[in-house]
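J.:
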Amino acid sequence: MKAVILFDGVCNLCNGAVQFIIKRDPDAYFSFAPLQEEKGQQLLRPFNKELSMNSVILIENGRLYERSAAALQICRHLRGAWKLLYVFKIIPSFLRDPLYNYVARNRYKWFGKKDHCMLPTKDTRKRFL
């Protein structure tokens, strides 16, 4: 397993982000698991992390990244100019995360949510754990 992105499976913004990442990750570096599913929760256990739906989580090389750190680490591996966003890593997380948290708190209101986790398409099914 290379890297796993744990996401809120009922959030429209999060599902859109997963589709965005898949399109820019043709080498399938990332796998995905909804936080609501047992597999997502199981992957968090070794980190003694409480389940929170307010953050995307990246598990890569035995490390756990959350919030803006996860988003920037993900961008680092995407094709195209998205890699350039990694430069914002120089900004301390206590300055980056408030914006991330604001969007996370309002994502259902702005983008809506589904009643259940998204179902991967036939082409992307192998990317989901």
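Each number in this note's numbering comes from the position in the sequence shown (counting from 1) with 947 added on.
Glycine included, each C-beta is placed from N, C-alpha and C at the ideal position.
The structure presented is a predicted model; accordingly, all values stated were derived computationally and were not measured.
I want to know whether the region 984 to 1001 touches the region 1025 to 1033 - three or more CB-CB distances under 8 Å.
T.: As far as the Cβ criterion goes, the region 984 to 1001 does not touch the region 1025 to 1033, which means the pair count is below three.
J.: Here's the rule: buried if 16 or more other CB atoms are within 10 angstroms of the residue's CB, otherwise exposed. What is Arg-1072?
T.: On the sequence shown, residue 1072 is found 125 positions in, with the first residue counted as 1. So Arg-1072 counts as exposed.
J.: Pull up the distance between the alpha-carbon of Arg-971 and that of Lys-1030, whole angstroms please.
T.: For the purposes of this step, residue 971 is taken as residue 24 along the sequence shown, with counting starting at 1. For the purposes of this step, residue 1030 is taken as residue 83 along the sequence shown, with counting starting at 1. C-alpha separation (whole angstroms): 11 Å.
J.: Count the other CB atoms, across all protein chains shown, that sit within 10 Å of the CB of Gly-956; report buried if there are 16 or more and exposed otherwise.
T.: For the purposes of this step, residue 956 is identified with residue 9 of the sequence shown, where counting begins at 1. Under this definition Gly-956 is a buried residue.
J.: Near Leu-1076, which residues of its chain fall below 6 Å by C-beta distance, leaving aside the five closest residues on each side in sequence?
T.: Residue 1076 sits at position 129 when you count from the first residue of the sequence shown. Ser-978, Ala-980 and Lys-986, listed in sequence order.
J.: What's the call for Ile-968, buried or exposed, on a 16-neighbour Cβ count within 10 Å?
T.: On the sequence shown, residue 968 is found 21 positions in, with the first residue counted as 1. Result: buried.
J.: Going by DSSP in three states, Lys-949 sits in which element: helix, strand or coil?
T.: Sequence index remark: in the sequence shown, residue 949 carries index 2 (1-based). Coil.
J.: What residue ranges within the region 972 to 1043 form continuous alpha helix (DSSP H) runs of no fewer than 4 residues, ordered along the chain?
T.: Counting whole runs of 4 or more residues, the region 972 to 1043 contains the alpha helix (DSSP H) stretches 985 to 991 and 1014 to 1023.
J.: Report the three-state DSSP secondary structure of Lys-1073 (helix, strand or coil).
T.: As a first step, residue 1073 is located in the sequence shown; it is residue number 126 there, counting from the start. Here Lys-1073 sits in helix by DSSP.
J.: Which word fits Arg-1014, buried or exposed, when buried means at least 16 other C-beta atoms lie within 10 angstroms of its C-beta?
T.: Translated into the one-based positions of the sequence shown, residue 1014 becomes position 67. With 16 or more other Cβ atoms within 10 Å, it is buried.
J.: Short of 7 Å in beta carbon distance, which residues of its chain neighbour Tyr-1033, apart from the five on each side in sequence? Order them along the chain.
T.: Here residue 1033 is taken as the residue at index 86 of the sequence shown, counted from 1. Counting only Cβ-Cβ distances below 7 Å, and skipping sequence neighbours, we find Leu-1019, Cys-1022 and Arg-1023.
J.: Helix or strand or just coil, what does DSSP make of Lys-1060?
T.: If you number the sequence shown from 1, residue 1060 lands on position 113. Correct three-state label for Lys-1060: strand.
J.: Which residues in the same chain as Phe-1058 place their Cβ atom closer than 6 Å to its Cβ, once the five residues preceding and following it in sequence are excluded?
T.: Position 111 of the sequence shown holds residue 1058. The answer, listed in chain order, is Asn-959 and Leu-960.
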